[in-house]
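*Asks:* Mind looking over this structure? Questions follow.
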Amino acid sequence: MTTATGIGSLPGDDDRAYSEAVRTVLGELPDLPHLPELPGRGMTASMVGRALAVVSGLGADLQPAGWRLTDAPGVDHRRARSLLAQDLDQVEEQGHGLTGGFKVQVTGPWTLAATVEKPRGDKVVSDHGARRDLAQALAEGVREHVADVRRRLRDVDRVVVQVDEPALAAVVGGGVPTASGFGRHRRVDLPEASAHLEWVMEAISAAGGEPWVHSCAADTPWGLVAGSGAVGLSADLSLLGAADLDVFAEALESGRTAALGVVPSTEPTTPPTDAASVERVLRWLDMLGLDHESVSGSLVITPTCGLAGATSDWSRRAMSLSRDVALRL
Numbered sequence: 003m004t005t006a007t008g009i010g011s012l013p014g015d016d017d018r019a020y021s022e023a024v025r026t027v028l029g030e031l032p033d034l035p036h037l038p039e040l041p042g043r044g045m046t047a048s049m050v051g052r053a054l055a056v057v058s059g060l061g062a063d064l065q066p067a068g069w070r071l072t073d074a075p076g077v078d079h080r081r082a083r084s085l086l087a088q089d090l091d092q093v094e095e096q097g098h099g100l101t102g103g104f105k106v107q108v109t110g111p112w113t114l115a116a117t118v119e120k121p122r123g124d125k126v127v128s129d130h131g132a133r134r135d136l137a138q139a140l141a142e143g144v145r146e147h148v149a150d151v152r153r154r155l156r157d158v159d160r161v162v163v164q165v166d167e168p169a170l171a172a173v174v175g176g177g178v179p180t181a182s183g184f185g186r187h188r189r190v191d192l193p194e195a196s197a198h199l200e201w202v203m204e205a206i207s208a209a210g211g212e213p214w215v216h217s218c219a220a221d222t223p224w225g226l227v228a229g230s231g232a233v234g235l236s237a238d239l240s241l242l243g244a245a246d247l248d249v250f251a252e253a254l255e256s257g258r259t260a261a262l263g264v265v266p267s268t269e270p271t272t273p274p275t276d277a278a279s280v281e282r283v284l285r286w287l288d289m290l291g292l293d294h295e296s297v298s299g300s301l302v303i304t305p306t307c308g309l310a311g312a313t314s315d316w317s318r319r320a321m322s323l324s325r326d327v328a329l330r331l
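Basically the numbering used here = 1-based index in the sequence shown + 2.
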């Protein structure tokens, strides 16, 4: 059976909005609800702040230029951890008795390395040792995170961990800007890029989770992602090019998951119908040379990206439309 889920982020800027977001996700996406993210609450609730809240053994704090690694957790790092714990409390309370699957999201090692600064400035991606340490700390933290989710949602038998890597293409393509903004960091070689992803995928699997990788950025190297051990590939369908067809076809044929972003993340002038979105997915499968019935159980329908920039009404509509498309498929 084709299912539906969300990417992660939703609109809202306070605790009351978060409680409502959890209620909405549990109601609109019953087959695979996810842990909502409300970046409108500030940097401690952003995708990077959330990931640093998960990272084990490293400290961080907010600086004018953004997050920076430190010798010990600063006040903002502690707030990020506290906020994540509070959000999980909400899910535990409202999701009591939840069965089936549940999805959480974490920023991947390369997007973190391209975003977070070293203690003395410039991005972690500029230093081979620093980016290795950050990736390993993330892997260990994710392992603990999955265990915590399983403890809180005892009746859930499937925990999906979506690793968000929107900066992966820039990292391997040499497109991450330096601190001055006038240059670009050297590209990371593909074997190293793959190895760091593999550490995180292996940690998720070892904890009993199901590792996915998501990116709604153009030129994501999906072949590298598929080779890293990801069980699910999650992408904006409109950004998948001809070079990606074989990767997704092989993933579906091997029983892995393809999460397809087909519902706009902000309200368009003419919202798509579920029938039109279903037809779009079927045409794409035909391009892959795959029979819909044989792979329908491996398909997941999602919005094209996070919904933080949407209105509350459209975010709810996008989730219900994703569910309707999945049901029709």
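Cβ coordinates follow ideal geometry from the N, Cα and C atoms, glycine included. All of these numbers come straight from a predicted model, not from anything done at the bench.
#1: Give me the DSSP bridge partner(s) of residue 6.
#2: Cβ atoms of residue 144 and residue 62: under 8 Å apart, would you say?
#3: Go ahead and label residue 271 buried or exposed: buried means 16 or more other beta carbons lie within 10 angstroms of its beta carbon, across all protein chains shown.
#4: Contact defined as beta carbons within less than 8 Å: I believe residue 103 pairs with residue 174. What is the distance between those atoms, to the nearest angstrom?
#5: So for residue 22, helix, strand or coil by DSSP?
#6: Have a look at residue 37 and residue 226 and give me their C-alpha separation to the nearest angstrom.
#7: Curious, which full-length beta strand (DSSP E) runs of at least 3 residues does the segment 233–301 contain?
#8: Quick check: what's the CA-CA separation for residue 275 versus residue 302?
#9: For residue 73 and residue 121, I'd like the C-alpha separation in whole angstroms.
#10: From residue 296 to residue 330, what distance separates their C-alpha atoms?
#11: Is it true that the CB of residue 39 sits closer than 8 Å to the CB of residue 12?
#12: Could you tell me the alpha carbon to alpha carbon distance between residue 43 and residue 15, rounded to whole angstroms?
#13: Residue 248: buried (16+ other C-beta within 10 angstroms of its C-beta) or exposed?
#14: At what residues does the alpha helix (DSSP H) containing residue 111 begin and finish?
#15: What is the DSSP secondary structure of residue 202, reduced to helix, strand or coil?
#16: For residue 261 and residue 241, which I take to be in contact (beta-carbon distance under 8 Å), what is that distance rounded to the nearest angstrom?
#17: Checking the sheet assignment: what are the DSSP bridge partners for residue 105?
#18: In three-state DSSP terms, what is residue 13?
#19: First and last residue of the alpha helix (DSSP H) that includes residue 89?
#20: Given a threshold of 16 other Cβ atoms within 10 Å of its Cβ, counted over all protein chains shown, does residue 101 qualify as buried or as exposed?
*Replies:* Answer, in terms of the structure:
#1: 303
#2: no
#3: exposed
#4: Incorrect: roughly 31 Å between the Cβ atoms, too far for contact.
#5: helix
#6: 27 Å
#7: 234–238 and 259–265
#8: 17 Å
#9: 8 Å
#10: 15 Å
#11: yes
#12: 4 Å
#13: exposed
#14: 111–117
#15: helix
#16: Not a contact, Cβ separation roughly 13 Å.
#17: 36 and 162
#18: coil
#19: 77–96
#20: exposed
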